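Below: the structure, in structure tokens.
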Amino acid sequence: MILFFKFVPIGILISCLILPLSIDAYSPITIQFNTQPLTGFSTYTIGGLTESKLGQFAYHFPVSKLRFPTNVDVANINALSYLTPQFLAHLQIQKNISHDAGKLQDSDWLSSDSTIQDIYSESDTTLSFSSFDLTLSTALYSIIYPNLAKTTYRFLVGYKYQYFKFQAYDLIQWYPSDSSKTLLTQAGTVITYNLTQKMPYWGFDINQTLAKLSINIRLGLSPYVLLADTDDHVLRSKIAKGSLSGTMHFATLLLNYQLTKSLTSFLRFYSQTIQSHGTQVQSRYQDTQEGNVGHIADIDETIESHLSTLSFGITYRLNSINFTSPSSSNFRPLSLIRVGSSLYIPFKERHSCMGPQLEFKKNSFILGISYYQGNNKINLLSKGVYTTIPVYILYKLPLIPYLYLGGGYSYHINDMHPHAISYLTRLGFPNPNETVQSSWFGLLSFEKNIPYSNNHVRSFVRYFYQNTTLQSHSDHHHFAKKLLLTALQVGVSIQI
319 MILFFKFVPI GILISCLILP LSIDAYSPIT IQFNTQPLTG FSTYTIGGLT
369 ESKLGQFAYH FPVSKLRFPT NVDVANINAL SYLTPQFLAH LQIQKNISHD
419 AGKLQDSDWL SSDSTIQDIY SESDTTLSFS SFDLTLSTAL YSIIYPNLAK
469 TTYRFLVGYK YQYFKFQAYD LIQWYPSDSS KTLLTQAGTV ITYNLTQKMP
519 YWGFDINQTL AKLSINIRLG LSPYVLLADT DDHVLRSKIA KGSLSGTMHF
569 ATLLLNYQLT KSLTSFLRFY SQTIQSHGTQ VQSRYQDTQE GNVGHIADID
619 ETIESHLSTL SFGITYRLNS INFTSPSSSN FRPLSLIRVG SSLYIPFKER
669 HSCMGPQLEF KKNSFILGIS YYQGNNKINL LSKGVYTTIP VYILYKLPLI
719 PYLYLGGGYS YHINDMHPHA ISYLTRLGFP NPNETVQSSW FGLLSFEKNI
769 PYSNNHVRSF VRYFYQNTTL QSHSDHHHFA KKLLLTALQV GVSIQI
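Heads up: the sequence shown at position 422 corresponds to 740 in the numbering used here, and the numbers run straight through without jumps.
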């Protein structure tokens, strides 16, 4: 097993390989234990469309925003083993070992002027955090260079479950819009907040070994995250339960440097971002001056969270077992199927994002499909998340090295942000919706095999040219405008 002793500013990670006990695994199981600081926040906002027994109203967005800190130390247990020569399983379990997370920041914009902040408060916060993460990855191909440097490409799928339990206490509240009001303090618990996040995900992994240095970069996303939260405003006897869906992006950078045969130093950085929106249902569980027991309202809600970890230390291997991870042969025959990952870079309207791709190559033809999901750039109209699914065909031009020409059909999904919906509704456009018309596109691709890959690994730069239409409509209006969605696609594909 692997033990981790935390010191400041560096730790020592002691490791060994253990034989499988009752688990039928291809390789020995590696068990790791370490601790590291978790930093970040989870912010939920409400506002926009609101439904109650009095009817439907469109408030500005946001009306209220609560930012919960997640700054605690966590302990990790990792288990890794090759189930077969091709598939590596990795299980990670995390639990907090400290509880003080920082200050909860609670802001309200209650007046009709959305630019005026009426109430602001801070409260000390404790956090109970747990996480379960199961990943299954496979090596697509490994390139070994003449200088013995090695590049390995891996594809992975996984499922992550995270649970946060916050308790805020000892409130200090003031009123930025009215300096005549006195400062309010309240001892004891004022808010409890529980949040669960469930996310299936995919990822693409590149590992580069240069003598004693190993560099590993992993990028991935979850196109469908389910979130559920419960906020209990104890002082107001008010409970709010939200149900949301959204997206998650993550990135990992891991550096290893071998000091001796048994000692290896490491530096690891991980970042995770989630954006989501849904509906919050508010009710009162006790009669108060604000109202009676029962349902209050349904209101639009968004949750945005950012988590990151940074750890560094030294790994010491207790035993001398020399186990080399299985990898695919560099001389296997070429197949028709190629998988990979690429960076989608729109020239305007949209932010860049990563996405997977699946291709079939036969002679001079490539048939493929990609998937991209990211944020729109425009603040109000079109604000939200876009999904683009291009299906394409490419043909290698004769007598012109590395150049392919083709085109395809792109499917678009545009998910509007509650801010934009509220804004348009308040302007007199009820039930607004915006769609991007699916359409044909042209495609020019420059593709080149990576040296020493035996034609298995190929890098590419592609240019998309697409003219389409943005349709904006509500109950009383319809508007259309031309939309130029030109973009670059930069990535790699591996024949499997």
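Heads up, the beta-carbon is just placed ideally off N, CA and C, and yes, glycines get one too.
Fair warning: this is a prediction, and the values are worked out from it, not measured in the lab.
Sequence-distant residues of its chain with Cβ nearer than 6 Å to residue i (five each side left out)
i: leucine 628; result: Phe587
i: serine 771; result: Ile461
i: isoleucine 707; result: Tyr689, Tyr729
i: glutamine 463; result: The sequence as given places tyrosine at residue 463; glutamine does not occur at that position. So the list reads Tyr770, once near-sequence residues are dropped.
i: asparagine 396; result: Gln350, Gln410
i: isoleucine 341; result: Reliability fails at isoleucine 341, whose pLDDT of 43 lies under 50, so the model's placement of it is uncertain and no value is given.
i: valine 709; result: Ile687, Gly726, Tyr727
i: glycine 521; result: Leu474, Arg536, Gly538
i: arginine 744; result: Ala376
i: threonine 642; result: The predicted position of threonine 642 is uncertain, since its pLDDT is 49 and thus under 50; a value taken from the coordinates is nonetheless stated next. Here the set comprises nothing.
i: threonine 363; result: Pro380, Lys383, Thr620
i: leucine 502; result: Gln491
Unbroken beta strand (DSSP E) run spanning residue i, endpoints
i: leucine 539; result: 531-551
i: isoleucine 364; result: 347-370
i: proline 708; result: 702-714
i: leucine 717; result: Leucine 717 -> no beta strand (DSSP E), and no H or E assigned at all.
i: valine 508; result: 502-528
i: asparagine 751; result: 751-754
i: arginine 278; result: This structure leaves residue 278 out entirely; the chain is present only between 319 and 814.
i: isoleucine 632; result: 612-635
i: lysine 766; result: 757-767
i: aspartate 418; result: 418-426
i: threonine 570; result: 556-576
i: asparagine 800; result: It is lysine, not asparagine, that sits at residue 800 in the sequence shown. Segment 796-802, the beta strand (DSSP E) holding lysine 800.
i: tyrosine 770; result: From DSSP, tyrosine 770 is part of no beta strand (DSSP E); its letter is neither H nor E.
i: proline 748; result: Where proline 748 is concerned, there is no enclosing beta strand (DSSP E), given that its DSSP letter is neither H nor E.
i: glycine 809; result: 805-813
i: threonine 606; result: First-last for threonine 606: undefined, no H or E at that position.
i: leucine 685; result: 683-688
i: glutamine 784; result: Run containing glutamine 784: none; DSSP gives neither H nor E here.
i: phenylalanine 379; result: Where phenylalanine 379 is concerned, there is no enclosing beta strand (DSSP E), given that its DSSP letter is neither H nor E.
Per DSSP, cross-strand counterpart(s) of residue i
i: histidine 408; result: Leu398, Thr453
i: lysine 413; result: Ala393, Ser448
i: tyrosine 459; result: Tyr471
i: proline 674; result: Ser659
i: isoleucine 434; result: Answer by DSSP bridge pairing: none, since isoleucine 434 is not bridged.
i: threonine 388; result: None, per the DSSP bridge assignment.
i: tyrosine 791; result: According to the sequence displayed, residue 791 carries histidine and not tyrosine. In the DSSP output, where bridge partners are listed per residue, histidine 791 has Asn751, His796.
i: glutamate 440; result: Gln423, Ile490
i: asparagine 732; result: Tyr704
i: phenylalanine 482; result: Phe447, Leu513
Bounding residues of the alpha helix (DSSP H) (the contiguous stretch that carries residue i)
i: arginine 744; result: 736-744
Nonlocal neighbours in the same chain, by C-beta distance under 7 Å from residue i, ignoring five residues either side
i: glycine 702; result: Asn694, Asn732, Asp733, Met734, His735, Ala738
i: serine 638; result: Note on serine 638: pLDDT 45, under 50, position unreliable in the model; no value is reported.
i: threonine 606; result: Arg554, Ser555
i: leucine 337; result: Note that leucine 337 has pLDDT 35, beneath the 50 cutoff, so the model's placement of it is unreliable and the number below is only indicative. Counting only Cβ-Cβ distances below 7 Å, and skipping sequence neighbours, we find Pro346.
i: leucine 802; result: Asn785
Supposed contact pair residue j and residue i - C-beta distance, whole angstroms, cut 8 Å
i: threonine 753; j: tyrosine 783; result: Between tyrosine 783 and threonine 753 the Cβ distance is about 21 Å, and since that is not below 8 Å, they are no contact.
i: phenylalanine 386; j: tyrosine 542; result: That belief does not hold up - the Cβ atoms of phenylalanine 386 and tyrosine 542 are roughly 23 Å apart, past 8 Å.
i: aspartate 618; j: glycine 358; result: Incorrect: roughly 24 Å between the Cβ atoms, too far for contact.
i: isoleucine 711; j: leucine 742; result: So it is not a contact: roughly 39 Å between Cβ atoms.
i: glycine 476; j: leucine 454; result: 7 Å
i: lysine 579; j: methionine 517; result: Rounded, the Cβ-Cβ distance is 39 Å, inconsistent with contact.
i: leucine 445; j: phenylalanine 482; result: 6 Å
i: glycine 612; j: serine 623; result: Actually they are not in contact, since the Cβ atoms of glycine 612 and serine 623 sit about 31 Å apart, beyond 8 Å.
i: serine 589; j: alanine 569; result: 5 Å
i: methionine 566; j: serine 583; result: Not quite, the Cβ-Cβ distance comes to about 30 Å (not below 8 Å), so this is no contact.
i: leucine 562; j: glycine 506; result: About 29 Å; that fails the 8 Å criterion.
i: serine 448; j: isoleucine 621; result: No, serine 448 and isoleucine 621 are not in contact; Cβ-Cβ is about 18 Å, not under 8 Å.
i: asparagine 352; j: asparagine 394; result: 5 Å
i: isoleucine 614; j: serine 429; result: Rounded, the Cβ-Cβ distance is 20 Å, inconsistent with contact.
i: aspartate 451; j: isoleucine 509; result: Contact flag wrong, Cβ pair sits at about 28 Å.
Neighbourhood of residue i by C-beta, 8 Å cutoff - its chain only, sequence neighbours within 5 removed
i: proline 825; result: Because residue 825 is not part of the residues shown, which for the chain are 319 to 814, the question remains open.
i: phenylalanine 797; result: Gln789, Ser790, His791
i: leucine 715; result: Leu721, Tyr722, Leu723
i: valine 657; result: Leu458, Phe473, Pro674, Gln675, Leu676, Glu677, Ser811, Ile812, Ile814
i: histidine 417; result: Val390, Thr444, Leu445, Ser446
i: lysine 766; result: Tyr720, Arg776, Ser777, Phe778
Closer than 7 Å: residue i CB and nearest the ligand SAM heavy atom
i: asparagine 773; result: In terms of ligand content, the structure shown is empty, and the ligand SAM therefore cannot be addressed.
Handout entry: contact_flag[the segment 457-474, the segment 432-444] where n(CB pairs < 8 Å) is 3 or more
Key = Three or more beta-carbon pairs separated by less than 8 Å are not found between the segment 457-474 and the segment 432-444, which leaves the two stretches without contact.
Problem - Any 3 or more C-beta pairs closer than 8 Å across the segment 792-811 and the segment 761-779 - result: The segment 792-811, when compared against the segment 761-779, does touch it at the 8 Å Cβ threshold.
Practice task
Pair every Cβ in the segment 414-428 with every Cβ in the segment 371-386, then say whether three or more of these pairs are closer than 8 Å.
Solution key: Short answer: they touch.
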